[in-house]
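Visitor: One structure, pasted below without further comment.
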Amino acid sequence: SQPIQPTQIQTPSQPQQKNRRKFLQYLGYGGIGVVSVGVFAVIRKLLTPSPIPPIPSPTPTVGGFPLETFSFETVKVDPQGNIIQRQTKQGTQFAVDLGNDVFLDMVQIPGGTFMMGSPESEEGRDDDEAQQQVTVDDFYIGKYEVTQEQWQAIMGNNPASFKKGGKYPVEKVSWNDCQEFCEKLSEKTGLTFTLPTEAQWEYACRAGTTTPFYYGETLSTDIANYNGKYVYGESKKGVYRQETTEVGSFPANGFGLHDMHGNVWEWCQDDYEKNYQANNKNFQQDANKVTANAVMLVSASFAPNILLANNSQYKSLRGGSWVSIPNNCRSAIRVNDYRRDDHDYTFGFRVVCVFGRTL
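Given below as structure tokens:
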């Protein structure tokens, strides 16, 4: 047999060794490059300042109470009282915490100029509604009539006749009672609360409208609480509830205010005078323009201003009530035969708060 020949180990050729060396060198250089890029990225990240987060704008406040936006629906009616338009709007308000989960919502009303009173052509017009151009400053007014639970929180009692729930308007309160409520509310909150002047009340009620009612040419019991046995214009008869309704039961006006027509009559700060300008006897005034500013300080005597006096026993009431015929719920209607200490189960009120001006 032939002897087994030893296996020969083949030595790689020189070109193969050079290729491996170049490949290893390439890997080495590439690795260094990858490491360099990674280190550079880390260094750049460390040296690059982090973006500063935007500082949130402070929430606007009124006397420490934050302002907030709210949405509401308002409606328009045709001459027969049928709803023909619904519109969603937004307003601005602040809420005062009265304790025990009771809040008072105050709606921002932008100042402006309007025609106070009614035109001679308006159905049911009284002779104390002569139209005059009036300018009011910005103010805040209650979204609702003051409720029984709000009165209870401030005054510690409930004089209302219709004690059906805390959300019903307080009634059977006199003008003097309302003054005491405003003073105690002002002391509790550090803000200045008063009754609205007639100018403020009508400006807030109209919300830019010139029709007899802020809903349009007429009223229906689907959108307000009044004596529906009677009609206005071309409207139809409706229900007569014979009592107050919970505040906010009906659509708001263009400013987001509820129950400006009907439910309870609302006291105003003014003395009643047949002529609006009679409350400005001691001040010069333009024949065509009256400026109504309603700033009063609780700690001082009432500031004299146009459409505001505090001399007469007879005070103004506005807006109509649950017992009123629709004519007496018009935006321009004025009641003049009640004294400041009179009580009635149709009398209520809402409050205003004024900022940005002193007298």
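The opening position of the sequence shown corresponds to residue 1 in full-length UniProt numbering, with each subsequent residue numbered one higher. Where is the CB? At the ideal position from N, CA and C, for every residue including glycine.
1) Check Y345 in the structure and name its three-state DSSP category.
2) Can you check which of these residues, D137, F162, Y272, is closest to Y345 by C-alpha distance?
3) For F65, which three-state DSSP category applies?
4) Less than 7 Å separating the Cβ of N327 from some heavy atom of the ligand COA?
5) For A300, which of helix, strand or coil comes out of DSSP?
6) Applying the criterion that 16 or more other CB atoms from any shown protein chain within 10 Å of the CB defines a buried residue, is R339 buried or exposed?
7) Does the separation of the CB atoms of V264 and S321 fall below 8 Å?
8) Quick one, which of F94, T74, A95 has its alpha-carbon nearest Q87's?
9) Give me the residue from K229, Y215, D259, K237 with the minimum Cα distance to I83.
10) Measure the CB-CB distance between C329 and L219 and report whether it falls below 8 Å.
11) I think F139 touches V351, with their Cβ atoms under 8 Å apart; what is that distance to the nearest whole Å?
12) Report the CB separation of S174 from D342 in whole angstroms; it is logged as a contact under 8 Å.
13) Taking the beta carbon of S71 as the centre, do at least 16 other beta carbons fall within 10 Å, making it buried, or is it exposed?
14) Which value, in whole angstroms, describes the spacing of the CA atoms of F349 and E145?
15) For E180, which residues in the same chain have their Cβ closer than 8 Å to its Cβ, ignoring the five residues on either side in sequence?
16) To the nearest angstrom, how far is it from the Cα of C178 to the Cα of G233?
17) Sort out for me which residues DSSP pairs I141 with in a bridge.
18) Classify D222 as helix, strand or coil using the three-state DSSP reduction.
19) On a Cα-Cα basis, can you pick out the residue from K274, I109, G142, D222 that is closest to P326?
20) Tell me which same chain residues have a C-beta within less than 6 Å of the C-beta of G91, skipping the five on either side of it?
21) Please classify I109 as buried or exposed, where buried requires at least 16 neighbouring CB atoms within 10 angstroms.
22) Less than 6 Å between C-beta atoms, sequence neighbours within five positions excluded: which residues of the same chain meet that for A224?
23) Please report the straight-line C-alpha distance between P51 and G142, rounded to a whole angstrom.
24) Roughly how many whole angstroms lie between the Cα atoms of residue 369 and A153?
25) Mind checking which residues open and close the beta strand (DSSP E) that includes S316?
26) Assuming Q148 and Y168 form a contact by the criterion Cβ under 8 Å, report the distance between their Cβ atoms to the nearest whole angstrom.
Guide: With the structure as the only source:
1) Along the sequence shown, read from residue 1 onward, the residue named residue 345 stands at position 345. The three-state reading of DSSP puts Y345 in coil, since its state is none of H, G, I, E or B.
2) Position 345 of the sequence shown holds residue 345. If you compare the alpha carbons of D137, F162, Y272 with that of Y345, the shortest gap goes to F162.
3) Position 65 of the sequence shown, counted from the first residue, corresponds to residue 65. If DSSP states are grouped into helix, strand and coil, F65 belongs with the strands.
4) In the structure shown, the ligand COA is absent, as is every other ligand, since no ligand is present at all.
5) Indexing the sequence shown from 1 puts residue 300 at position 300. Note that A300 has pLDDT 27, beneath the 50 cutoff, so the model's placement of it is unreliable and no number is given.
6) Taking the first residue of the sequence shown as 1, we reach residue 339 at position 339. Classification for R339: exposed.
7) Translated into the one-based positions of the sequence shown, residue 264 becomes position 264. Translated into the one-based positions of the sequence shown, residue 321 becomes position 321. Going by C-beta atoms, V264 is nearer than 8 Å to S321.
8) As a first step, residue 87 must be located in the sequence shown, where it is residue number 87. If we check each option's Cα against that of Q87, T74 comes out closest.
9) Numbered from 1 along the sequence shown, position 83 holds the residue referred to as residue 83. Checking every option, the nearest Cα to that of I83 belongs to Y215.
10) Position 329 of the sequence shown holds residue 329. Position 219 of the sequence shown holds residue 219. Yes. Within cutoff.
11) Counting from 1 along the sequence shown, the entry for residue 139 is found at position 139. Counting from 1 along the sequence shown, the entry for residue 351 is found at position 351. No, F139 and V351 are not in contact; Cβ-Cβ is about 10 Å, not under 8 Å.
12) The residue you call residue 174 lines up with position 174 of the sequence shown. The residue you call residue 342 lines up with position 342 of the sequence shown. For a cut-off of 8 Å, the C-beta gap from S174 to D342 is around 6 Å, short enough to register as a contact.
13) Your numbering for residue 71 matches position 71 in the sequence shown. Residue environment for S71: exposed (fewer than 16 other C-beta atoms within 10 angstroms of its C-beta).
14) Taking the sequence shown and counting its residues from 1, one reaches residue 349 at position 349. Taking the sequence shown and counting its residues from 1, one reaches residue 145 at position 145. For F349 and E145, the gap between their C-alpha atoms comes out near 6 Å.
15) As a working note, residue 180 is residue 180 in the sequence shown. The residues are M155.
16) For the purposes of this step, residue 178 is identified with residue 178 of the sequence shown, where counting begins at 1. For the purposes of this step, residue 233 is identified with residue 233 of the sequence shown, where counting begins at 1. If I take the Cα positions, the gap works out to 34 Å.
17) The count along the sequence shown starts at 1 and reaches residue 141 at position 141. DSSP, once it has assigned bridges, lists V107, V352 as partnering I141.
18) Position 222 of the sequence shown, counted from the start, is the residue given in the question as residue 222. Look at D222 here: in three-state DSSP terms it is coil, with no helix or strand label.
19) Counting from 1 along the sequence shown, the entry for residue 326 is found at position 326. Residue D222 is the option with its Cα nearest to P326.
20) Working through the sequence shown from its first residue, we reach residue 91 at position 91. The answer, listed in chain order, is F70, V107, G256.
21) Locating residue 109 in the sequence shown gives position 109, counting from the first residue. Answer is buried; the Cβ neighbour count reaches 16.
22) Taking the first residue of the sequence shown as position 1, residue 224 is located at position 224. These residues qualify, in order along the chain: F250, H261, G262.
23) Locating residue 51 in the sequence shown gives position 51, counting from the first residue. Locating residue 142 in the sequence shown gives position 142, counting from the first residue. When rounded, the separation of the alpha-carbon atoms in P51 and G142 is 44 Å.
24) Lying outside 1 to 359, the shown extent of the chain, residue 369 is not represented and no answer is given.
25) Reading the sequence shown from its first residue, position 316 is the one you call residue 316. Note, S316: beta strand (DSSP E), 315 to 318.
26) Along the sequence shown, read from residue 1 onward, the residue named residue 148 stands at position 148. Along the sequence shown, read from residue 1 onward, the residue named residue 168 stands at position 168. About 6 Å separates the two Cβ atoms, so the contact holds.
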